[in-house]
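Protein chains in written order, with this note's numbering: chain D, 1 to 461; chain S, 462 to 922. No residue lacks a Cβ here, since even glycine has one placed at the ideal position from N, Cα and C. Structure first, commentary second.
See below:
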């Protein structure tokens, strides 16, 4: 069989478009056995070739040479089949392959660990190298790929320049969270390869701001790291982040871009992955598609933090229960508070803006009230915060004083200098890619959205 | 001025398309001063806004309020200008802005380091946060962004699933090169965060092979690391790699994909970045476009390593000088040998295939001759190797024996297992993204293609 195999995706696409579908013609397919059953007279193989979520049904007759051997092709076997593609109106699947010739390319040893019909997510996490073969992870990782492409498509089409900010860095960015040290000489991490202490980045923002001062609109999209032993479903020590930065843009421009890009990504995935989204809706998170459509169809509302606190205090007075019920101006909101505002008050996506400066990062622009900064968090029903952004402090003296106060001016002189070398009003935001994927797929644990998740005490592969 | 500014790119695009160009209309632009000169009666500012390589000429008259102040807007100042867009047939630039109102958004301190007309690349390397404002790096980093998009576009359009293989890993892949250790406790790197030794990845290939056994065609595209103190123009300790992996594909399929994807990327960049390519042709690497067009127009030839050795020996006999002139079967070719074959013999791009197994990685498929493996290197004139690929050893017993011999079977059982759980013939390749960018732009030093390059003793930002 030297002819080229066709992909199952191309067959479904041709069928759907009504053009070029090779009905009653001979084709070759390759892939892996999902199920194999037979009545003694006729056998059926569900073939999965990884090019789409759907399978192709192969039908083989008892009169075929090697029927017995074929009927023993077990789950996950790699096979090649040649046959005639036949329309099957009225059946569950629109077409099937009447097999003429079939060949085992790779058998499966008896100790194959994924025999069980429905393995738990926990069990599958331990099988990171095999789990993409299951329906759930086939869907999750294809959507992960499509969502990444949505990000690039959106920002490139809007003229943003993609910047590969470094993974290894001399500064720990916002001082947020613990960092990993990178070394070639464990005994002396400071004086080794780089001649100074080197860490894995926690954010590319500071580095990318310099590029916004050259290209106007830029974005990073790459891995970031936190060495926190947070054993929660939302924390991993390695994850991907998108960090756009816009020059000549204030907080309102920033929020416009957040809303537009998030809506674009959701729409892109729903359009490109309808089968996967149906699967999530049915098996992972009923109500998912309504939730996403609601986000698509509503303008994102804006509310000041101060107003949010007032509404939370009011809710408390009216008898609403919060685990953390000490609601006061200046507090960092917990997920329950964010969710109350977006789910109960606004009943839709919302930006909470103008946070107390004490609870936000040093680089955020101080508002004229002297108390708040021009920051925004995007809150969505069912989740809470999914994007955080801010206008950046563009005033040299104001930023310098702040940085000297918190003690990070040394080593970041270059960052400060951006404010005296043709600086301008600019803003940006950060999207946790894995968390956005969790939100769009309804998958509840970040460990189930990353190909080989890294969390504390978990580095098997 | 509350109206929205237009981008310089949108003006040139509208002008070129003949549609929607706002001739004789009022527009607002924002950007940075590239040059500012005046005759006392009239002034000219070349405005760069980062959205494209081209600038916009602003013309301001001596009758303007604040003419004197405006004429002192120095290099790199951030400004906003409102005026009427006027066609200028017969002039160097097709249109200009007759300024009515102009405003300084961000001035430039006197110690701005990029005053000099033509700073050296070495000087600019030390100014990584400012150099994207120069013509060369404006072009390099925009092409870097466009080339990254070319990669994603090619592979996604061909049905490949993008897999984020991990940066932090428990194994050192092919055992190639020294690795960085990742730790939170320098005193005890083994028993800290992950409970075992953790390194930065040198390749995502082994991890992504598992995904090819689920999705058929996959690719990684992310940072990789080498802790080698190679102080050459082609080595950095952090760089981006593209690693596609194709199931049900042999070495010929692999080479088809390499040729097609490389040609696609070159064509994509040449089409999307004509101004930048003109700049490289003129200032960085004369002959660049002819070199690239040659690659586009020629089919890539295939030659066996054994034949390559024979031709090199013949050249030696005929008087050709090599620095390393001990040419014998089994040797690892140096750049001078590769370039002789591609430049002098083939006079075009070529694959050298079927290398001695001793000089190639353990996972490459052994050919029937027992001496060579199904590996291919893509060699191009002017550079040598730019892509390396191979068919992977899919036979469980053969691979097991090899891995036990070199001692990496322990810890990589999962990788070996892929061969007994529905494995199949598969192939893949690796493209060093930064080196491909060097090749396409003609930039000679990898430090000048990375936003913040990391090399030994160099971690300023």
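Query raised in the report: So, helix, strand or coil for residue 640 of chain S, using DSSP?
Result: Numbered from 1 along the second chain, position 179 holds the residue referred to as residue 640 of chain S. Three-state result, residue 640 of chain S: coil.
Report task. Have a look at residue 896 of chain S and residue 778 of chain S and give me their C-alpha separation to the nearest angstrom. Result -> Within the second chain, residue 896 of chain S is the residue found at index 435, counting from 1. Within the second chain, residue 778 of chain S is the residue found at index 317, counting from 1. Distance between the alpha carbons of residue 896 of chain S and residue 778 of chain S is about 33 Å.
Query raised in the report: With distances taken from CA atoms, which of D:255, D:240 and D:38 is nearest residue 427 of chain D?
Result: Here residue 427 of chain D refers to the residue found at position 427 when the first chain is read from its first residue. Taking only the C-alpha atoms, the option nearest residue 427 of chain D is D:255.
Report task. Note the first and the last residue of the continuous alpha helix (DSSP H) segment covering residue 261 of chain D. Result -> Locating residue 261 of chain D in the first chain gives position 261, counting from the first residue. From DSSP, the alpha helix (DSSP H) with residue 261 of chain D extends over 251 to 272.
Query raised in the report: Between residue 462 of chain D and residue 373 of chain D, which are expected to be in contact by the criterion C-beta below 8 Å, what is the C-beta distance as a whole number of angstroms?
Result: The requested residue 462 of chain D is not part of the displayed model; chain D covers only 1 to 461.
Query raised in the report: So, are the CB atoms of residue 534 of chain S and residue 565 of chain S less than 8 Å apart?
Result: Against the second chain, residue 534 of chain S aligns to sequence position 73. Against the second chain, residue 565 of chain S aligns to sequence position 104. Yes.
Requested in this report: Pull out every residue of the segment 875 to 888 of chain S whose Cβ sits closer than 9 Å to any Cβ of chain D, in chain order.
Outcome: 875, 876, 878, 879, 880, 881, 882, 883, 884, 885 and 886
Query raised in the report: On the three-state DSSP scale, how would you describe residue 467 of chain S?
Result: The sequence position of residue 467 of chain S within the second chain is 6, counting from 1. Looking at residue 467 of chain S - three-state DSSP - the assignment turns out to be coil, as it is neither helix nor strand.
Query - residue 825 of chain S classed as buried or exposed, judged by whether at least 16 other C-beta atoms fall within 10 angstroms - result: As a position in the second chain, residue 825 of chain S is number 364, starting the count at 1. Flag for residue 825 of chain S reads buried.
Query raised in the report: Interface residues of chain D around residue 699 of chain S at Cβ under 8 Å?
Result: As a working note, residue 699 of chain S is residue 238 in the second chain. Under the 8 Å cutoff, chain D gives 166, 167 and 168.
Requested in this report: Compare the C-beta of residue 803 of chain S with all C-beta atoms of chain D and state if any pair is closer than 8 Å.
Outcome: Numbered from 1 along the second chain, position 342 holds the residue referred to as residue 803 of chain S. It does not: the Cβ of residue 803 of chain S has no partner Cβ on chain D nearer than 8 Å.
Requested in this report: Could you list which residues in chain D have their beta carbon closer than 9 Å to that of residue 603 of chain S, in chain order?
Outcome: Counting from one through the second chain, the residue named residue 603 of chain S turns up at place 142. Chain D residues near residue 603 of chain S: 161 and 215.
Query raised in the report: What in chain D is Cβ-close to residue 730 of chain S, meaning under 7 Å?
Result: Along the second chain, read from residue 1 onward, the residue named residue 730 of chain S stands at position 269. Within 7 Å Cβ-Cβ: nothing; residue 730 of chain S doesn't reach chain D, min ~13 Å.
Query - Among D:446, D:443, D:419 and D:205, nearest to residue 569 of chain S - alpha-carbon criterion - result: Taking the first residue of the second chain as position 1, residue 569 of chain S is located at position 108. With distances taken between Cα atoms, residue 569 of chain S lies closest to D:419.
Query - For residue 902 of chain S, the first and last residue of its enclosing alpha helix (DSSP H) - result: As a first step, residue 902 of chain S must be located in the second chain, where it is residue number 441. 894 to 902 is the span of the alpha helix (DSSP H), which, as asked, contains residue 902 of chain S.
Query raised in the report: Are three or more beta carbon pairs between the segment 608 to 628 of chain S and the segment 593 to 600 of chain S nearer than 8 Å?
Result: Segments in contact, no.
Query raised in the report: When you check each C-beta in the segment 510 to 525 of chain S against every C-beta of chain D, which residues fall closer than 9 Å?
Result: Hits within the stretch, in order: 510, 511, 512 and 513.
Requested in this report: Under 8 Å by Cβ, that's how I've got residue 916 of chain S and residue 697 of chain S pegged, so tell me the actual separation to the nearest angstrom.
Outcome: Numbered from 1 along the second chain, position 455 holds the residue referred to as residue 916 of chain S. Numbered from 1 along the second chain, position 236 holds the residue referred to as residue 697 of chain S. Indeed they touch by this definition, with Cβ atoms about 6 Å apart.
Query raised in the report: Is the CB of residue 590 of chain S under 8 Å away from at least one CB in chain D?
Result: The residue given as residue 590 of chain S occupies position 129 in the second chain. Yes, because at least one Cβ of chain D sits closer than 8 Å to the Cβ of residue 590 of chain S.
**Report entry** Test: residue 211 of chain D CB closer than 8 Å to a CB of chain S
**Finding:** Taking the first chain and counting its residues from 1, the one referred to as residue 211 of chain D is at position 211. It does: the Cβ of residue 211 of chain D has a partner Cβ on chain S nearer than 8 Å.
Query raised in the report: Taking Cβ-Cβ distances below 9 Å as the criterion, which residues of the segment 103 to 129 of chain D are in contact with chain S?
Result: 105, 106, 107, 108, 109, 111, 112, 113, 114, 127, 128 and 129
Query raised in the report: Using CA coordinates, which residue listed in S:506, S:838 and S:528 is at the minimum distance from residue 794 of chain S?
Result: Within the second chain, numbered from 1, the residue matching residue 794 of chain S stands at position 333. For the residues S:506, S:838 and S:528, the minimum Cα distance to residue 794 of chain S belongs to S:838.
Requested in this report: Taking residue 99 of chain D as the query, report the chain S residues whose CB atoms sit under 8 Å from its CB, ordered along the chain.
Outcome: To locate residue 99 of chain D, count along the first chain from 1; it is residue 99. Chain S residues near residue 99 of chain D: none, gap ~17 Å exceeds 8 Å.
Query raised in the report: So which residues of chain D does residue 864 of chain S contact, with C-beta pairs closer than 7 Å?
Result: Counted from its first residue, the second chain places residue 864 of chain S at position 403. Ordered by position in chain D, no residue passes the 7 Å Cβ test against residue 864 of chain S, which lies about 16 Å from the chain.
Query raised in the report: For the segment 552 to 562 of chain S against the segment 511 to 519 of chain S, are there 3 or more C-beta pairs whose distance is under 8 Å?
Result: yes
Requested in this report: Specify, as a first and last residue, the run of the beta strand (DSSP E) that residue 58 of chain D falls within.
Outcome: As a first step, residue 58 of chain D must be located in the first chain, where it is residue number 58. First-last of the beta strand (DSSP E) with residue 58 of chain D: 56 to 61.
Query raised in the report: Is there a Cβ from chain S that is less than 8 Å from the Cβ of residue 184 of chain D?
Result: The sequence position of residue 184 of chain D within the first chain is 184, counting from 1. Output row for residue 184 of chain D: interface = yes.
Query raised in the report: Are residue 384 of chain D and residue 344 of chain D touching if we call contact CB-CB under 8 Å?
Result: By 1-based counting over the first chain, the position of residue 384 of chain D is 384. By 1-based counting over the first chain, the position of residue 344 of chain D is 344. No, Cβ-Cβ distance for residue 384 of chain D and residue 344 of chain D is not below 8 Å.
**Report entry** Outcome for residue 684 of chain S when other beta-carbon atoms lying within 10 angstroms are tallied against a minimum of 16
**Finding:** The residue you call residue 684 of chain S lines up with position 223 of the second chain. Label assigned to residue 684 of chain S: buried.
**Report entry** residue 145 of chain D, DSSP secondary structure in three states
**Finding:** By 1-based counting over the first chain, the position of residue 145 of chain D is 145. Collapsing the DSSP output to three states places residue 145 of chain D in a helix.
Report task. Could you spell out where the beta strand (DSSP E) holding residue 36 of chain D opens and where it closes? Result -> Translated into the one-based positions of the first chain, residue 36 of chain D becomes position 36. Unbroken beta strand (DSSP E) run through residue 36 of chain D: 26 to 38.
Query raised in the report: How is the alpha helix (DSSP H) around residue 744 of chain S delimited, first residue to last?
Result: Here residue 744 of chain S corresponds to residue number 283 of the second chain, with the count starting at 1. Note, residue 744 of chain S: premise wrong, no alpha helix (DSSP H); not H, not E.
Query - Check whether residue 710 of chain S and residue 872 of chain S have beta carbons under 8 Å apart - result: Translated into the one-based positions of the second chain, residue 710 of chain S becomes position 249. Translated into the one-based positions of the second chain, residue 872 of chain S becomes position 411. Contact: no.
Query raised in the report: Under 8 Å between the Cβ atoms of residue 749 of chain S and residue 741 of chain S?
Result: On the second chain, residue 749 of chain S is found 288 positions in, with the first residue counted as 1. On the second chain, residue 741 of chain S is found 280 positions in, with the first residue counted as 1. Contact: yes.
Query raised in the report: Between residue 746 of chain S and the rest of its own chain, which residues show a CB-CB distance below 7 Å, the 5 nearest in sequence each way excluded?
Result: Within the second chain, residue 746 of chain S is the residue found at index 285, counting from 1. Same-chain partners within the cutoff: 903.
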